[in-house]
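Take 17 as the starting number for the sequence shown in this note's numbering and just add one per residue.
By construction, the Cβ of each residue, glycine as well, lies at the ideal position given by its N, Cα and C atoms.
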Amino acid sequence: MTVAVNWSAVDHVLLDMDGTVLDLAFDNHFWRELVPQRYGEQKGISCEQAWRELEPQFHRWRGRLEWYCLDFWSELTRLDLAALKTEIRHRIRPLEGSEDFLRAVKARGCALWLVTNAHRNSWSLKLEQTGLGPWFDRVVCSHDFDAPKEDVDFWARLQAQHPFNPARTLLVDDSLPVLQAARDHGVDQLVAIRRPDSTAPAQTVAGLPSVDVLADLLPVPPRS
Ligand SMILES: [Mg+2]
17 MTVAVNWSAV DHVLLDMDGT VLDLAFDNHF WRELVPQRYG EQKGISCEQA
67 WRELEPQFHR WRGRLEWYCL DFWSELTRLD LAALKTEIRH RIRPLEGSED
117 FLRAVKARGC ALWLVTNAHR NSWSLKLEQT GLGPWFDRVV CSHDFDAPKE
167 DVDFWARLQA QHPFNPARTL LVDDSLPVLQ AARDHGVDQL VAIRRPDSTA
217 PAQTVAGLPS VDVLADLLPV PPRS
């Protein structure tokens, strides 16, 4: 399925970070391999046992603000997760073609915002590591709005603080609950990412326009 963005009706481009601009392979490695490994080492249990203890917690908190809070997980696991992320920062990478897309959006003159659920420690490390920070006019972190992007209240609070016209906004995200919440708020153009993790199979997306990666939305036509 090809996705046609109506660029003449876009003033703001809002992009998710993990799994949209950046390769989710980093986060999947971190949470599914490294954290259980270090948690197991600390408790003197196997990786498999560690995963059995952690997975119900992951499941319980997914999609809530706590899920995205590194302090919360550091306390729960008794691990310094910010330090652990820094330790493997060399694995942080953009998805293929992401920077070409950012460049094209800026060349068109659209406002470009990064809108993330990631904790500040995490997004600042990732932007520093990839050098992508300067492309964005604004970085919006849902922790500053007391609601995750999956909550329609987040979008209302964001618009109240940083005005944008939802009817002239494009949002790209790999999370379907996030896209649905934005749609409920009136964001007009929504695109889902099918391959947030370059090392994993594509996810199935029903009911929304979708592309494998951001670069599939190229070319962005210059403003006439
Ligand atoms: Mg994401």
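- In chain order, the residues with a C-beta atom nearer than 5 Å to some heavy atom of ligand 1 are ASP32, ASP34, GLY35 and ASP190.
- DSSP places ASP160 in the helix class (H, G or I) of the three-state scheme.
- Straight-line measurement puts the Cα of VAL155 at about 18 Å from the Cα of ASP169.
- In this structure, DSSP gives SER214 a state outside helix and strand, which the three-state scheme calls coil.
- Put simply, the stretch 94-102 does not touch the stretch 198-211. Fewer than three CB pairs are less than 8 Å apart.
- Looking from the CA of ASP162, the closest CA among LEU118, GLU82, VAL26 and CYS63 belongs to GLU82.
- ARG239 counts as exposed, since fewer than 16 other beta carbons sit within 10 angstroms of its beta carbon.
- For the 8 Å CB-CB criterion, ASP167 and ALA197 form a contact.
- Around the C-beta of ARG68, fewer than 16 other C-beta atoms lie within 10 Å, and the residue is accordingly described as exposed.
- Counting the other CB atoms within 10 Å of its CB gives PRO110 a total of 16 or more, which places it among the buried residues.
- In the three-state reduction of the DSSP assignment, ALA208 falls in the strand class, which pools E and B.
- Just so you know, the alpha carbons of VAL227 and THR36 end up roughly 10 Å apart.
- Taking LYS165 as the centre and dropping the five residues before and after it, the same chain places the C-beta of ASN133, SER158 and VAL194 closer than 6 Å to its C-beta, in chain order.
- Counting only runs of at least 4 residues, the stretch 19-100 fully encloses the following alpha helix (DSSP H) elements, listed from N- to C-terminal order: 41-45, 51-59, 63-77 and 86-93.
- TRP129: member of the beta strand (DSSP E) spanning 127-132, first to last residue.
- Separation of the CB atoms of LEU40 and PRO52 is rounded to 17 Å, and the pair is thereby denied contact status at 8 Å.
- Put simply, the backbone Cα of SER62 is about 10 Å away from that of ARG54.
- For THR146, the enclosing alpha helix (DSSP H) begins and ends at 136-146.
- Straight across, the Cα-Cα distance linking PHE74 with PHE88 is about 12 Å.
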